[in-house]
Amino acid sequence: MRVLIAPLLIFSFVTNAAILVSPIFMMQVLDRVVPSGNLNTLFLLLVVALLAIAFNAFVETGRDLSLQRVARWAESICTGPILALPPAQQTDMLGHLGQARGFIAGGSATALLNLFWLPLFIGVLGLIHLSYVVLVATLVATMLGVQHLRDTAIKAPSAQINQLRTQERRWVRLLETLNPLTSPQHLRNNLNTRLQDAVQSRQTYESQSDRPLLGGNGALTGLRMSAQLLAMSIGAYLVSQGKLSAGAMIAASLIAAKTITTIEQALGALRSWPDAKDALTHLQNLAVPQETQMDILELSGALKCERLIYPRGGGAPPRLDRISFELSPGDCLAIIGDAGSGKSTLLQALAGLDPAPIGSVVLDQTDVRHMSATTRRAMIGYLPQMGGLLPGTVAENIAGFDTKMNDKAIIAAAKKAKVHGMISALPQGYQTDIGATPHLLTAGQKQHVALAAAIYCKPKYLFLDEPNALLDKNGERAMCETIADLKDDGVTVVMVLHRAGAIGLADNILVLERGFVSDFGPRAQVLGRQSDGRRLTRMPLRKTSLQDLSDWITGQFTRSNDAEFAAKAAMLGTEMFLAANLNGPQDKPREVEIQFRFLDDRNCELQIVEQGQTSADKLLRQVKSQIECGHEGFEKLGEKAMPLFLASKLAARFEIRNENNLAQFSARIVNDDAPEPEGRPH
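For the sequence shown, the residue numbers in UniProt numbering are 1 to 682.
Structure (structure tokens):
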């Protein structure tokens, strides 16, 4: 771009010099042609002036075309590298690109180029008479003062207006996401109220800024319009004193008005220059290591993670701390851990979506950061926690809006994701427009479609972030079948799990705790190390966790003939969970640890542990006393006793203890229909 500065300055000189054609023509006509009546002189002056104007039009067109092409060139060479950046950086960089393009092609660059030739106008005015230089300086100083007062007065209201506009857009987006059929009406009403409050507040600040803004603009317009009148008045005085000709008076008034306009435009461009310069700096520093990225036609599925560290900043512990492990082709890894332990951060780093600054993720001997976008798309599939779909048809979403969609591949991916039947039942099948009917699909169905999109290119690596979080039992079963099929195809699967329904598919388990690996190894060994063979999970102690609890307990039973045993255990776990919830503090968040283990083929043990004390132990003694008395008087014990009563009836042994500031609900379940113990493969 720097090589264009000299030609553009020359173009700018020609266009600025051409502005003097009209004043000089008028001055010559009034001073020479009118007194002498010489038409030949008039004709010659007219021809020269028209030729100069035509040449100026040609040069001005060339200048504007050059700036437009420079802007388009900058956009074309920057768009690709920007789109190759992580999504979190793309929005800012596209904003910088738009700002730079607008500055170059929007007239600000032309105004700055004109500023270099401002001395030309000042010099001409000085040659005519110094009074015009003083007039221009005075008017410019006055206009600068008015602009400063105006900008100072509207600065605070403008900041509030911008903030409120951002809030308005937020409330509008939230309102658009609400389902008109299922969303609570009070939620819609509250959002509408917030939107109306934001609009009213914005209008109040706009009213405050209207007077200084409009008043300042009016004053500037008046000063701009008075420039030529004042110049004409000064000229008339000088003509009457015999110090200036009539032609020079007309020329000086035109040049003075043009000088003030040029200065005003240049000052406006100078105010936007810092932002444009910052945008250009960001674009110049755009790092695109295309030379280190490579296209790879085939990967084996091997994965190696070497000492990944993801700093948090501010002296806080890192999100990921020295994570290292290896997977063989076709392995399935389950990443588990408490909320905030870094599971999603690790998954995104492994998939190359947000690489860790320190350490490396090697996929089949190739660092994921060095893979081209084409390779990542073809070899890596990723399913986020909520597989949001974009406005467009179902087929377009599955194909990732590929310009060369393959119908066979789309249907194959849908069948693999066990969603082909559901899509075929839609009003227009694969051509159903999700944008036109955003609430046609449930969250679970959208998750299945998003899974089909993740496997559309038949990847060798599939990364799933809590894939079963939005699914019911049937949906979770279908997704588990899909994952099992992918494993059979040799796909390496890494999944973050909160619910235990899919953990049986994992060959290995990695346990994260505050960003570091607390355990890693084969599934049976890791689960075996969890509290001496117990299977553990943690979940919030609230009624909304009951489904997760039931799914987790049911997921511990893997044999086909354990259905009744699993149902009995899940029912008992539900009653124990409710008993713990009802017989404890209700004014603060609570969390429990749930432990499960098989004693043999006919017996299993379930325990729920909560920090603190519970009053349920005393109530349980009363319940058991009533049971021994034939249940009479049981209803007098109240609602809190019902779960204790049901748990006592379901369990072979049920007890509650308060020990070491821990409330422990323990039960043993017996499968009466099972044969004699022969050992379990659990």
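All residues carry an ideal CB built from backbone N, CA and C; glycine is no exception.
This one's a predicted model, so the numbers in the text were calculated from it and none came from an experiment.
**Request:** Put residue 527 into one of helix, strand or coil per three-state DSSP.
**Result:** Numbered from 1 along the sequence shown, position 527 holds the residue referred to as residue 527. Residue state, collapsed to three classes: helix.
**Asked** If you draw a straight line from the C-alpha of residue 470 to the C-alpha of residue 672, how long is it?
**Response** Walking along the sequence shown from the start, residue 470 turns up at place 470. Walking along the sequence shown from the start, residue 672 turns up at place 672. Spanning the two alpha carbons is a distance of roughly 34 Å.
**Asked** Helix, strand or coil for residue 625 per DSSP?
**Response** Position 625 of the sequence shown, counted from the first residue, corresponds to residue 625. Taken through DSSP and simplified to helix, strand or coil, residue 625 comes out as helix.
**Asked** With C-beta atoms as the reference, is residue 383 less than 7 Å away from residue 467?
**Response** Translated into the one-based positions of the sequence shown, residue 383 becomes position 383. Translated into the one-based positions of the sequence shown, residue 467 becomes position 467. With respect to the 7 Å criterion, residue 383 and residue 467 are classified as neighbours on the basis of their beta carbons.
**Asked** Shortest alpha-carbon distance to residue 262 belongs to which of 557, 346, 114?
**Response** As a position in the sequence shown, residue 262 is number 262, starting the count at 1. Residue 262 has its Cα closest to that of 114, out of 557, 346, 114.
**Request:** Have a look at residue 29 and residue 19 and give me their C-alpha separation to the nearest angstrom.
**Result:** As a position in the sequence shown, residue 29 is number 29, starting the count at 1. As a position in the sequence shown, residue 19 is number 19, starting the count at 1. If I take the Cα positions, the gap works out to 17 Å.
**Request:** Could you name the residues of the same chain whose beta carbon sits closer than 8 Å to that of residue 144, not counting the 5 residues immediately before and after it, in chain order?
**Result:** Here residue 144 corresponds to residue number 144 of the sequence shown, with the count starting at 1. Once the five neighbours on either side are set aside, the close Cβ partners of residue 144 are 267.
**Supposed contact pair residue 111 and residue 265 - C-beta distance, whole angstroms, cut 8 Å** = For the purposes of this step, residue 265 is taken as the residue at position 265 of the sequence shown. For the purposes of this step, residue 111 is taken as the residue at position 111 of the sequence shown. Contact holds; Cβ gap of about 4 Å.
**Request:** Evaluate the contact criterion for the segment 312-324 versus the segment 370-383: three or more CB pairs, one atom per stretch, below 8 Å.
**Result:** No, the segment 312-324 does not touch the segment 370-383.
**Asked** Can you give the Cα-Cα distance for residue 430 and residue 615, rounded to whole angstroms?
**Response** As a working mapping, residue 430 is identified with position 430 in the sequence shown. As a working mapping, residue 615 is identified with position 615 in the sequence shown. One C-alpha to the other measures close to 57 Å.
**Prompt:** Cα-Cα, which of 525, 514, 455 is closest to residue 491?
**Reply:** Counting from one through the sequence shown, the residue named residue 491 turns up at place 491. Residue nearest to residue 491 within the set 525, 514, 455 is 455 (criterion: CA-CA distance).
**Prompt:** Can you check whether the CB of residue 502 is closer than 7 Å to the CB of residue 523?
**Reply:** Start at 1 with the first residue of the sequence shown, and residue 523 comes out as number 523. Start at 1 with the first residue of the sequence shown, and residue 502 comes out as number 502. No; because the gap between Cβ atoms is not below 7 Å, this pair is not in contact.
**Item:** Rounded C-alpha distance that separates residue 132 from residue 235
**Value:** For this step, residue 132 is matched to residue 132 along the sequence shown. For this step, residue 235 is matched to residue 235 along the sequence shown. The straight-line gap from Cα to Cα measures roughly 9 Å.
**Item:** Where the alpha helix (DSSP H) containing residue 595 begins and where it ends
**Value:** Translated into the one-based positions of the sequence shown, residue 595 becomes position 595. Unbroken run through residue 595 is the beta strand (DSSP E), 591-598; no alpha helix (DSSP H).
**Request:** Can you grab the Cα-Cα spacing for the pair residue 204 / residue 95, in whole Å?
**Result:** Reading the sequence shown from its first residue, position 204 is the one you call residue 204. Reading the sequence shown from its first residue, position 95 is the one you call residue 95. Cα-Cα distance, rounded: 29 Å.
**Prompt:** residue 43: buried (16+ other C-beta within 10 angstroms of its C-beta) or exposed?
**Reply:** Taking the sequence shown and counting its residues from 1, the one referred to as residue 43 is at position 43. Flag for residue 43 reads exposed.
**Request:** Return the CA-CA distance between residue 361 and residue 413, expressed in angstroms with no decimal places.
**Result:** Position 361 of the sequence shown, counted from the first residue, corresponds to residue 361. Position 413 of the sequence shown, counted from the first residue, corresponds to residue 413. Each residue's Cα considered, the two are about 27 Å apart.
**Request:** Find out if the Cβ-Cβ distance for the pair residue 306, residue 359 is shorter than 7 Å.
**Result:** Looking up residue 306 in the sequence shown gives position 306. Looking up residue 359 in the sequence shown gives position 359. Yes, the pair counts as a contact, with Cβ atoms nearer than the cut-off.
**Asked** When the Cα of residue 386 is compared with those of 344, 350, 50, which residue comes out closest?
**Response** Along the sequence shown, one-based indexing puts residue 386 at 386. For the residues 344, 350, 50, the minimum Cα distance to residue 386 belongs to 344.
**Request:** Pull up the distance between the alpha-carbon of residue 103 and that of residue 118, whole angstroms please.
**Result:** The residue given as residue 103 occupies position 103 in the sequence shown. The residue given as residue 118 occupies position 118 in the sequence shown. If I take the Cα positions, the gap works out to 20 Å.
**Request:** With a floor of 4 residues, list each alpha helix (DSSP H) that falls wholly inside the segment 368-448, ordered by position along the chain.
**Result:** 373-379, 394-398, 407-416, 420-424
**Prompt:** In or out: residue 289 buried (at least 16 other Cβ within 10 Å) or exposed?
**Reply:** As a first step, residue 289 must be located in the sequence shown, where it is residue number 289. Residue placement at residue 289 is poorly supported in this model, since its pLDDT is 47, which falls under 50; the coordinates are not used for a value here.
**Request:** Identify which residue in 376, 212, 372, 26 has its Cα closest to the Cα of residue 253.
**Result:** As a working mapping, residue 253 is identified with position 253 in the sequence shown. Closest option to residue 253, Cα to Cα, is 26.
**Item:** residue 134 and residue 259 closer than 7 Å at C-beta
**Value:** Position 134 of the sequence shown, counting from 1, holds the residue named residue 134. Position 259 of the sequence shown, counting from 1, holds the residue named residue 259. No. Outside cutoff.
**Message:** Please identify the residue among 251, 217, 301 whose C-alpha is closest to the C-alpha of residue 487.
**Reply:** Start at 1 with the first residue of the sequence shown, and residue 487 comes out as number 487. Cα-wise, what sits closest to residue 487 is 301.
**Request:** Between the Cα of residue 348 and those of 200, 329, 650, 463, spot the shortest distance and give me the residue it belongs to.
**Result:** On the sequence shown, position 348 is the one that residue 348 refers to. Selected option, being the one with the closest Cα: 463.
**Asked** Within the chosen definition, does the segment 640-653 reach the segment 557-572 through at least 3 CB pairs nearer than 8 Å?
**Response** Touching, yes, given that three or more Cβ pairs across the two stretches are closer than 8 Å.
**Request:** Evaluate contact between the segment 39-56 and the segment 66-75, counting only Cβ atoms and requiring at least three cross-stretch pairs below 8 Å.
**Result:** no
**Asked** Roughly how many angstroms separate the alpha carbons of residue 460 and residue 330, rounded to a whole number?
**Response** Walking along the sequence shown from the start, residue 460 turns up at place 460. Walking along the sequence shown from the start, residue 330 turns up at place 330. About 8 Å.
**Request:** Return the first residue and the last residue of the beta strand (DSSP E) that residue 461 is part of.
**Result:** The residue labelled residue 461 in the question sits at position 461 within the sequence shown. Counting along the chain, the beta strand (DSSP E) containing residue 461 begins and ends at 461-465.
**Request:** Could you pull the start and end residues of the alpha helix (DSSP H) that residue 643 belongs to?
**Result:** As a working mapping, residue 643 is identified with position 643 in the sequence shown. Its alpha helix (DSSP H) spans residues 641-650.
**Where residue 512 falls: helix, strand or coil (DSSP)** = Residue numbering aside, residue 512 sits at position 512 when the sequence shown is read from its first letter. In this structure, residue 512 counts as strand in the three-state DSSP scheme.
**Request:** Measure the alpha-carbon distance for residue 207 versus residue 153 and round it to whole angstroms.
**Result:** The residue you call residue 207 lines up with position 207 of the sequence shown. The residue you call residue 153 lines up with position 153 of the sequence shown. For residue 207 and residue 153, the distance between alpha carbons rounds to 12 Å.
**Asked** Hey, quick one: how far does the beta strand (DSSP E) through residue 197 stretch, first residue to last?
**Response** Here residue 197 refers to the residue found at position 197 of the sequence shown. That residue, residue 197, is in no beta strand (DSSP E); its alpha helix (DSSP H) goes 185-240.
**Prompt:** Quick one: what does DSSP say residue 603 is sitting in, helix, strand or coil?
**Reply:** Counting from 1 along the sequence shown, the entry for residue 603 is found at position 603. It is a strand residue.
**Item:** Beta bridge counterpart(s) of residue 658 as assigned by DSSP
**Value:** The residue given as residue 658 occupies position 658 in the sequence shown. Paired residue(s): 663.
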